[in-house]
Amino acid sequence: MAPEKFIIEVEPAKPAKDGRPSMGPVYRSVFAKDGFPPPTPGLDSCWDIFRLSVEKYPNNRMLGRREIVDGKPGKYVWMSYKEVYDIVIKLGNSIRSCGVDEGGKCGIYGANCPEWIISMEACNAHGLYCVPLYDTLGAGAVEFIISHAEITIAFVEEKKLPERLKTFPNASKYLKTIVSFGKVTPQQKEEVEEFGVVLYCWDEFLQLGSKKQFDLPVKKKEDICTIMYTSGTTGDPKGVLISHASIVTFIAGAKCVIEHATESLTMDDVYLSYLPLAHIFDRVIEECFINHGASIGFWQGDVKLLTKDIRELKPTVFSAVPRVLDRIYSGLQQKISSGGLLKSTLFNLAYAYKHHNLKKGRKHVEASPLFDKVIFSKVKEGLGGKLRFIMSGAAPLASHVEAFFRVVACCHVLQGYGLTETCAGTFMSLPDKYDMLGTVGPPVANVDVCLESVPEMSYDALSSMPRGEVCVRGGTVFSGYFKREDLTKEVMIDGWFHTGDVGEWQPNGCLKIIDRKKNIFKLSQGEYVAVENLENIYGNNPIIDSIWIYGNSFESFLVAVINPNQRAVEQWAENNGISGDFVSLCENSKVKEYILGELTKAGKEKQLKGFEFIKAVHLDPQPFDIERNLLTPTFKKKRPQLLKYYKDVIDNMYKGTK
Numbered sequence: 001m002a003p004e005k006f007i008i009e010v011e012p013a014k015p016a017k018d019g020r021p022s023m024g025p026v027y028r029s030v031f032a033k034d035g036f037p038p039p040t041p042g043l044d045s046c047w048d049i050f051r052l053s054v055e056k057y058p059n060n061r062m063l064g065r066r067e068i069v070d071g072k073p074g075k076y077v078w079m080s081y082k083e084v085y086d087i088v089i090k091l092g093n094s095i096r097s098c099g100v101d102e103g104g105k106c107g108i109y110g111a112n113c114p115e116w117i118i119s120m121e122a123c124n125a126h127g128l129y130c131v132p133l134y135d136t137l138g139a140g141a142v143e144f145i146i147s148h149a150e151i152t153i154a155f156v157e158e159k160k161l162p163e164r165l166k167t168f169p170n171a172s173k174y175l176k177t178i179v180s181f182g183k184v185t186p187q188q189k190e191e192v193e194e195f196g197v198v199l200y201c202w203d204e205f206l207q208l209g210s211k212k213q214f215d216l217p218v219k220k221k222e223d224i225c226t227i228m229y230t231s232g233t234t235g236d237p238k239g240v241l242i243s244h245a246s247i248v249t250f251i252a253g254a255k256c257v258i259e260h261a262t263e264s265l266t267m268d269d270v271y272l273s274y275l276p277l278a279h280i281f282d283r284v285i286e287e288c289f290i291n292h293g294a295s296i297g298f299w300q301g302d303v304k305l306l307t308k309d310i311r312e313l314k315p316t317v318f319s320a321v322p323r324v325l326d327r328i329y330s331g332l333q334q335k336i337s338s339g340g341l342l343k344s345t346l347f348n349l350a351y352a353y354k355h356h357n358l359k360k361g362r363k364h365v366e367a368s369p370l371f372d373k374v375i376f377s378k379v380k381e382g383l384g385g386k387l388r389f390i391m392s393g394a395a396p397l398a399s400h401v402e403a404f405f406r407v408v409a410c411c412h413v414l415q416g417y418g419l420t421e422t423c424a425g426t427f428m429s430l431p432d433k434y435d436m437l438g439t440v441g442p443p444v445a446n447v448d449v450c451l452e453s454v455p456e457m458s459y460d461a462l463s464s465m466p467r468g469e470v471c472v473r474g475g476t477v478f479s480g481y482f483k484r485e486d487l488t489k490e491v492m493i494d495g496w497f498h499t500g501d502v503g504e505w506q507p508n509g510c511l512k513i514i515d516r517k518k519n520i521f522k523l524s525q526g527e528y529v530a531v532e533n534l535e536n537i538y539g540n541n542p543i544i545d546s547i548w549i550y551g552n553s554f555e556s557f558l559v560a561v562i563n564p565n566q567r568a569v570e571q572w573a574e575n576n577g578i579s580g581d582f583v584s585l586c587e588n589s590k591v592k593e594y595i596l597g598e599l600t601k602a603g604k605e606k607q608l609k610g611f612e613f614i615k616a617v618h619l620d621p622q623p624f625d626i627e628r629n630l631l632t633p634t635f636k637k638k639r640p641q642l643l644k645y646y647k648d649v650i651d652n653m654y655k656g657t658k
């Protein structure tokens, strides 16, 4: 029986011509077979998203944070849509009274909080470019963005003020006003005054425009809403110009897909805001919630306390990057294995039964109601008890982790794919479609997608298993890179945005991301290696949390640095009579041999070529992290930085293997 197909062909394939590689057929979502979803009447800008919701749901809870009682976090306290609106209007008048007019650039720097959203909405109201400043970038990059974007006013989290002050005097060429989300000290005010900059606390700034009223400019769809700088793995950040139309179009497409899947967001939904608002993924999700009059609760700002925030807020939708889900998965696995033989046996039995039913096509609520109530309800309660959706994006989610959450979380688990340049949402898997496991689903309902062959990597978009660079066109695609027309022309060719990611069409019309076009290097024997594809293959093992593979044109084989899974390594060591703590186990030659054997086994199963096998490994007990500059804020590997950090380790692996 042929699988249900979720895409339709709208243009035929094009063979290679004029030096350009061949392009596969152009596809779009089956939900857009009669055309892209029409725009919502009256919804032309991000300001309209908020304004219309204030009119429809003035008393709904909008933004919430945990109140602090005797130094400890308590319940969530909420501001209604109307209360937020009133503060936004005050804030907008204060911004304008500082001489910042339509088209001005406003920076926002700090962790997610109500003030972040309020500042963003004030920008939307007055036609200002909202420019997020990465919470995880160093002073050098933030200083670059302030100057490059010509930011004149910046809102800053109170504890980030000292970092912001380090950018002076260079930043003061443009930056004239700083507003703290909290308090400021007299010393801090004096410090910036030396550079001609005025510093306000939040409450003080709100009073600045209290006796003034500025008219709101008319916003057009094509107006730029935000300049979102991508962190990048090398070089200076690039300013991605995103229009109001891109975000409004994304919302229409996402709504179309979810409703065709017999689900929808409602004003009763609750979202936990912790993924950085400085990234497009969280920004557009929160816009969707605002569009529905739903509630957004903010975390405390500490990842170690995230599960406590979840239990208190009880969100209905939880968005995550794979790194977060991997951590929750490892913690749950540890609890299961330490629960005793009877409990772990019961869990495994329930898991196998429900997993079998899901694979047969049963909906998650029908796959095993009894085991959901008796066994998996504890996991559900640990995630707040009310989750309807878990959404994963920013990087591929390992299939075994996705399958695990589909079984134990008692909710829909969806993967998505997109870039800042495509306004985040380009592909999204659908609820209760188990055959989409391990894929990012079909395209959303407002883009066209095709694959372009990558001959140097042997990826053919016209083969029976089409593979190639993912290319996107449609209303969600960005308006260009700010002040970098040269870079814009590199990625925008004949109306198509070239993502740099390599995808593979599945028989059901879903896409699997398998590689990165730039992550290719040549070994000394002249063979090309597509490293990201290999990392996906080798990393699909419970004993490996993360893997970085390296090779170069002076060497004939590959080596790897691995963050092993602590629980799995300690369990294997115990079963094989090897003692020691986790750090010493990572240095143990027998553990290395075992993991290298597991990699070899995986390579043989996938019928990899000889030069694609890994010949040596280094086990690092400390996970790759942002703090050591080894990962981007969206947890993508920074390969040049990894090489620099592990250079001695790499050299020793090559010396020891020859």
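Numbers 1 to 658, taken from the UniProt record's numbering, label the letters of the sequence shown in order. Cβ atoms here follow ideal geometry from the backbone N, Cα and C, with glycine treated the same way.
Asked                                                                                                   : Found
Proximity winner among E163, N93, I247, T307, relative to S211 (alpha-carbon distances)                 : Here the sequence assigns Lys to residue 211, which means Ser is not the residue at that position. K211 has its Cα closest to that of N93, out of E163, N93, I247, T307.
Local conformation of Q641 per DSSP, three classes                                                      : helix
Through-space distance from L608 to I619, alpha-carbon basis                                            : Note on identity: in this sequence residue 619 is Leu, with Ile being the wrong assignment. So the alpha carbons of these two residues sit roughly 23 Å apart.
For A13 and residue 742, the rounded distance between their alpha carbons                               : The chain is shown from 1 up to 658; residue 742 falls before or after that span and cannot be answered.
Near the ligand COA: I117 beta-carbon under 7 Å from a heavy atom                                       : You won't find the ligand COA in this model; it holds no ligand whatsoever.
Residue ranges of each alpha helix (DSSP H) within the region 523-593, 4 or longer                      : 531-539, 566-575, 582-587
Where R388 falls: helix, strand or coil (DSSP)                                                          : coil
Beta-bridge pairing of D515 - partner residues as DSSP gives them                                       : V502
Cβ-Cβ distance between E121 and V88 below 8 Å                                                           : yes
Helix, strand or coil at V230 according to DSSP, with G and I counted as helix                          : The sequence shown places Thr at residue 230, rather than the Val named in the question. T230: strand per DSSP, three-state reduction.
Span of the alpha helix (DSSP H), counted from its first residue to its last, around R51                : 46-56
Buried or exposed by the 16-neighbour rule on C-beta atoms within 10 Å, applied to I595                 : buried
Segment contact, 8 Å Cβ cut-off, at least three pairs: the region 318-331 with the region 628-646       : yes
Cβ separation of F427 and Y434, assumed to be a contact under 8 Å, to the nearest whole Å               : Not confirmed; about 17 Å, so no contact.
Buried versus exposed call for T266 [16 or more other C-beta atoms within 10 Å across all chains shown] : exposed
Any alpha helix (DSSP H) of 4 or more consecutive residues that is wholly inside the region 407-493     : 485-491
Distance, F181 Cα to E158 Cα                                                                            : 6 Å
Selection from G425, K359, V407 that minimises the alpha carbon distance to K373                        : V407
Cβ neighbours of F347 in the same chain (closer than 8 Å, five flanking residues each side left out)    : I336, G339, I375
Collapsed DSSP secondary structure at W299 in the structure displayed                                   : coil
Beta-carbon proximity of P38 to N446, cut-off 8 Å                                                       : no
Local conformation of S337 per DSSP, three classes                                                      : helix
Anticipated Cβ contact below 8 Å, L541 with E605, distance rounded                                      : According to the sequence provided, residue 541 is Asn. The question's Leu does not apply to it. With 8 Å as the limit, N541 and E605 do not qualify as a contact, their Cβ atoms being about 11 Å apart.
Element boundaries [alpha helix (DSSP H), containing I117]                                              : 114-125
Spatially closest choice to S319 from A252, F405, L241, by CA coordinates                               : F405
Span separating the alpha-carbon of G495 from that of Y27                                               : 15 Å
Boundaries of the alpha helix (DSSP H) in which R164 is found, first to last residue                    : 161-165
Cross-strand partners of I108 (DSSP beta bridge)                                                        : P132, F155
Same chain only: Cβ atoms within 7 Å of K238, ignoring 5 sequence neighbours per side                   : Y229, T230, G232, Y481, R484, L487
CB-CB length for Y109 against V156, believed under 8 Å                                                  : 5 Å
Cβ-based neighbour list, L128, same chain, cut-off 6 Å, excluding 5 preceding and 5 following           : G104, C106
Cβ-based neighbour list, I549, same chain, cut-off 6 Å, excluding 5 preceding and 5 following           : V531, L534, E535, L558, A560
R20 burial status per 10 Å Cβ neighbour count (16 or more: buried)                                      : exposed
Local conformation of S264 per DSSP, three classes                                                      : coil
Residues bridged to Y27 (per DSSP)                                                                      : E9, V449
Inter-residue spacing [alpha-carbon to alpha-carbon] between E402 and V502                              : 21 Å
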